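Read the structure below first, then the notes.
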Amino acid sequence: MDALSVIYEQVGSEEPFYRLVEFFYNGVEDSTVLRPLYPKDLSEAKSKLAKYLIYRMGGSQAYVQERGHPRMRARHMPFKIGMKERDAWLLAMNSALDQTEEFKPFRAELDAFFEHFATFMINQPD
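The opening residue of the sequence shown carries number 2 in the working numbering; numbering runs sequentially from there.
This is the structure:
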């Protein structure tokens with residue numbers, strides 16, 4: 002069991018994850034770097050991210066049941082992701098975490114996870 006897999010149980014419900022995702026996508030919408038990478042309608046992207054985070058942090062298996070193994074790097078290959086995109090993504094996620102009280106006790110673990118995750122998604126030199 003890793004440190005992330007118990008966060009859902011500690012947080013206690015899906016609602017903070019959906020709030021986190023809303024805050025994150027507010028940052029995406031404001032980002033000239035990130036916004037062009039996403040479709041006009043963000044509804045599906047929001048749902049996928051929330052379900053993935055809930056799954057990854059020990060909650061519902063809905064993400065895997067609907068989409069199979071996460072395969073995050075493969076799923077993101079169609080998008081040009083370099084350091085600029087990585088940094089903008091982390092800025093939006095860090096801002097979202099700052100706004101979601103329920104995740105404050107897990108901030109060190111989440112920062113490490115998202116830093117690794119964002120770096121792993123890089124598929125283009127800058």
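Even glycine gets a Cβ: it sits at the ideal position worked out from N, Cα and C. Quantities reported herein were computed from a predicted structural model and do not represent experimental measurements.
Beta-carbon proximity of L5 to E86, cut-off 8 Å: In the sequence shown, counting from the first residue as 1, residue 5 sits at position 4. In the sequence shown, counting from the first residue as 1, residue 86 sits at position 85. Taking the C-beta atoms as reference points, E86 is found no nearer than 8 Å to L5.
Do three or more CB pairs link the segment 39-46 to the segment 91-100 at distances below 8 Å? Touching, no.
Could you check what DSSP says for V34 in three-state terms: helix, strand or coil? Against the sequence shown, residue 34 aligns to sequence position 33. Three-state DSSP puts V34 in coil, outside helix and strand.
Unbroken alpha helix (DSSP H) runs of length 4 or more, entirely within the segment 57-121: which are they? Considered as a whole, the segment 57-121 harbours 63-68, 73-77, 84-99, 108-121 as its complete alpha helix (DSSP H) runs of no fewer than 4 residues, in chain order.
Y39: first and last residue of the uninterrupted alpha helix (DSSP H) it sits in: The count along the sequence shown starts at 1 and reaches residue 39 at position 38. That residue, Y39, is in no alpha helix (DSSP H); it is neither H nor E in DSSP.
Per the contact definition of three or more C-beta pairs closer than 8 Å, is the segment 52-61 in contact with the segment 6-26? The segment 52-61 and the segment 6-26 touch, with three or more beta-carbon pairs separated by less than 8 Å.
Whole-Å CB distance - N124 paired with I55, under 8 Å assumed: Along the sequence shown, read from residue 1 onward, the residue named residue 124 stands at position 123. Along the sequence shown, read from residue 1 onward, the residue named residue 55 stands at position 54. Beta-carbon to beta-carbon, N124 and I55 are separated by about 26 Å, too far to satisfy the 8 Å threshold.
Between F25, D127, L38, D3, which has its C-alpha nearest H77's C-alpha? Walking along the sequence shown from the start, residue 77 turns up at place 76. By alpha-carbon distance to H77, the top candidate from F25, D127, L38, D3 is L38.
C-beta atoms of F115 and M84 nearer than 8 Å: The residue you call residue 115 lines up with position 114 of the sequence shown. The residue you call residue 84 lines up with position 83 of the sequence shown. No.
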